[in-house]
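Chemist: Numbered per my numbering, the sequence shown spans residues 2 to 261. Cβ coordinates follow ideal geometry from the N, Cα and C atoms, glycine included. Bear in mind that the values here come from a model prediction, so they are computed numbers and not experimental data.
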Amino acid sequence: MAPAVPPAEILRISEASLRFADGRPLFETLSLSLPGRGWTCLMGRSGCGKSSLLRMVAGLPVEVGPQGHAHIKRRNGEGGEFSASIAWMPQRDMLMPWRRVVENVAVGAALRGQRWSDARERAEALLARVGLAGLGARWPDSLSGGQRQRVALARTLFEADGVVLMDEPFSALDALTRLELQDLAAEVLAEQSVLLVTHDPLEALRLADTLYVFGTDAQLHAMALPPGDPPRAPGDVAVAGIQAALFERLRGTGGERSNA
2 MAPAVPPAEI LRISEASLRF ADGRPLFETL SLSLPGRGWT CLMGRSGCGK
52 SSLLRMVAGL PVEVGPQGHA HIKRRNGEGG EFSASIAWMP QRDMLMPWRR
102 VVENVAVGAA LRGQRWSDAR ERAEALLARV GLAGLGARWP DSLSGGQRQR
152 VALARTLFEA DGVVLMDEPF SALDALTRLE LQDLAAEVLA EQSVLLVTHD
202 PLEALRLADT LYVFGTDAQL HAMALPPGDP PRAPGDVAVA GIQAALFERL
252 RGTGGERSNA
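Set out below in structure tokens:
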């Protein structure tokens, strides 16, 4: 049987607005389309609203104060209300120290009351897929930082059903481990539609199929990308060249407004 063809569009965001109590808008009437498969990356200065937008896409609350305002419309690829589940991978691994590694991976199944034998088998398979075969019985505090993030990635895979949101999940790792996890994430999430928030220009240029930068006008601006499929080599000359333009965009110049 031929593999299922992913939809051209799995999630469309429109009219996304976030305004705090002092009247200052972080962003207004943003629109963003996520394809059925691939990596969409968001960059911007600290405090521009990247993580807040990610929370809104996930349907999570955003603290704006009593006079603030947060609004978003989410639609599926057919134009109906988006109701599918979304997997979330935050910056911190959020592993529960009282649960073994395999139990952390399958925590969603436990919360839903699913049969443990099935959940455990799937969780062990995902641990093997992220390079942690045989470590399911370990406790989280016995793992290195890179191993913990691999567990978090396996947990994300356990819940992934089309859309994955990632909020700087590799930012606390050393440079080499970060590159390794980027490569691994690109491999294991290849069939998902990923929306990644990152502060790291190299990470964005390595992983993105589509890249947007939050501008000083509180809008999204599309950026050019190096040729080739992700994950791109960090030492690629084209990556280095576009990285300079991306830094300029982050400083407030260049880029084109997105009509995604």
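Below 8 Å CB to CB, which residues in the same chain sit around Ser-194 once its five sequence neighbours on both sides are set aside?
Modeler: Numbered from its first residue, the sequence shown carries residue 194 at position 193. These residues qualify, in order along the chain: Pro-7, Ile-11, Leu-12, Leu-35, Pro-36, Gly-37, Arg-38, Gly-39, Thr-41, Gly-163, Val-164 and Val-165.
Chemist: Per the DSSP calculation, Ile-14 is bridged to which residue(s)?
Modeler: On the sequence shown, residue 14 is found 13 positions in, with the first residue counted as 1. Leu-33 and Arg-75, per the DSSP bridge assignment.
Chemist: Could you tell me if Gln-183 is buried or exposed, where buried requires 16 or more neighbouring beta carbons within 10 angstroms of its beta carbon?
Modeler: As a working mapping, residue 183 is identified with position 182 in the sequence shown. It is buried - the Cβ of Gln-183 has at least 16 other Cβ atoms within 10 Å.
Chemist: Please report the Cβ distance between Ala-205 and Pro-231, rounded to the nearest whole angstrom; I am assuming they are in contact, meaning their Cβ atoms lie under 8 Å.
Modeler: Here residue 205 is taken as the residue at index 204 of the sequence shown, counted from 1. Here residue 231 is taken as the residue at index 230 of the sequence shown, counted from 1. Not confirmed; about 10 Å, so no contact.
Chemist: For Val-198, which residues does DSSP report across the bridge?
Modeler: Within the sequence shown, numbered from 1, the residue matching residue 198 stands at position 197. BP columns for Val-198 point to Leu-43 and Asp-168.
Chemist: Less than 8 Å between C-beta atoms, sequence neighbours within five positions excluded: which residues of the same chain meet that for Ala-111?
Modeler: What you label residue 111 is simply residue 110 of the sequence shown in a count that begins at 1. Glu-104, Trp-117 and Ala-120, listed in sequence order.
Chemist: Would you be able to state if there are at least three C-beta pairs under 8 Å between the segment 79 to 93 and the segment 128 to 139?
Modeler: At 8 Å Cβ cutoff, the stretches do not touch.
Chemist: At which residue ranges does the segment 129 to 191 contain complete alpha helix (DSSP H) runs of 4 or more residues, listed in the order of the chain?
Modeler: Entirely contained in the segment 129 to 191, the alpha helix (DSSP H) runs reaching 4 residues are, in chain order, 146 to 160 and 176 to 189.
Chemist: Per DSSP, what kind of secondary structure is Ala-223 in: helix, strand or coil?
Modeler: Residue mapping note: residue 223 aligns to position 222 of the sequence shown, counting from 1. Here Ala-223 sits in strand by DSSP.
Chemist: Beta carbon of Ile-14, beta carbon of Leu-31: below 9 Å?
Modeler: Reading the sequence shown from its first residue, position 13 is the one you call residue 14. Reading the sequence shown from its first residue, position 30 is the one you call residue 31. Yes, these two residues count as a Cβ contact at 9 Å.
Chemist: So the alpha helix (DSSP H) Asp-57 belongs to, where does it begin and stop?
Modeler: Counted from its first residue, the sequence shown places residue 57 at position 56. With the sequence shown as reference, residue 57 is identified as Met, and Asp is not the correct amino acid for it. 51 to 59 is the extent of the alpha helix (DSSP H) around Met-57.
Chemist: Can you confirm whether the segment 137 to 151 touches the segment 57 to 72 when touching is taken to mean that 3 or more C-beta pairs between the two stretches lie within less than 8 Å?
Modeler: No: the two stretches stay apart, fewer than three of their Cβ pairs being nearer than 8 Å.
Chemist: If we ignore side chains and look at the alpha-carbon of each, how far apart do Gly-255 and Glu-192 end up?
Modeler: The residue labelled residue 255 in the question sits at position 254 within the sequence shown. The residue labelled residue 192 in the question sits at position 191 within the sequence shown. Because the pLDDT of Gly-255 is 44, which lies under 50, any placement of that residue in the model is unreliable, and the number read from its coordinates should be weighed accordingly. Straight-line Cα distance between these residues: approximately 32 Å.
Chemist: Mapping DSSP to helix, strand and coil, what is Glu-82?
Modeler: Looking up residue 82 in the sequence shown gives position 81. Three-state DSSP puts Glu-82 in a strand.
Chemist: Identify which residue in Pro-91, Gln-92, Val-108 and Arg-93 has its Cα closest to the Cα of Trp-99.
Modeler: Within the sequence shown, the letter at position 98 stands for residue 99. Nearest of Pro-91, Gln-92, Val-108 and Arg-93 to Trp-99, Cα basis: Val-108.
Chemist: Run through DSSP, which three-state label would Phe-28 get?
Modeler: Working through the sequence shown from its first residue, we reach residue 28 at position 27. Note: Phe-28 maps to strand in three-state DSSP.
Chemist: Within 10 angstroms of its Cβ, does Asp-168 collect 16 or more other Cβ (buried), or is it exposed?
Modeler: In the sequence shown, the residue the question calls residue 168 occupies position 167. Counting Cβ neighbours within 10 Å, Asp-168 comes out buried, since at least 16 surround it.
Chemist: When you compare only the Cα positions, how much space is there between Gln-244 and Pro-235?
Modeler: Your numbering for residue 244 matches position 243 in the sequence shown. Your numbering for residue 235 matches position 234 in the sequence shown. Their Cα atoms are separated by approximately 11 Å.
Chemist: Determine whether the beta carbon atoms of Glu-160 and Ala-88 lie at a separation below 9 Å.
Modeler: Here residue 160 refers to the residue found at position 159 when the sequence shown is read from its first residue. Here residue 88 refers to the residue found at position 87 when the sequence shown is read from its first residue. Their beta carbons are under 9 Å apart, which means Glu-160 touches Ala-88 by this criterion.
Chemist: Cα-Cα, which of Gln-148, Leu-196, Thr-157 and Ala-155 is closest to Ala-173?
Modeler: Numbered from its first residue, the sequence shown carries residue 173 at position 172. Closest option to Ala-173, Cα to Cα, is Gln-148.
Chemist: Going by Cα to Cα distance, which pick from Asp-237, Ser-52 and Ala-223 is closest to Gly-229?
Modeler: Indexing the sequence shown from 1 puts residue 229 at position 228. Checking every option, the nearest Cα to that of Gly-229 belongs to Asp-237.
Chemist: By DSSP, does Val-65 sit in helix, in strand, or in coil?
Modeler: Stepping through the sequence shown from its first residue, residue 65 is reached at position 64. Coil, per DSSP.
Chemist: Using only the alpha-carbon positions, how far apart do Leu-247 and Gly-48 sit?
Modeler: For the purposes of this step, residue 247 is taken as residue 246 along the sequence shown, with counting starting at 1. For the purposes of this step, residue 48 is taken as residue 47 along the sequence shown, with counting starting at 1. Their Cα atoms are separated by approximately 18 Å.
Chemist: Run through DSSP, which three-state label would Trp-99 get?
Modeler: Your numbering for residue 99 matches position 98 in the sequence shown. Of the three classes helix, strand and coil, the one that applies to Trp-99 here is coil, per DSSP.
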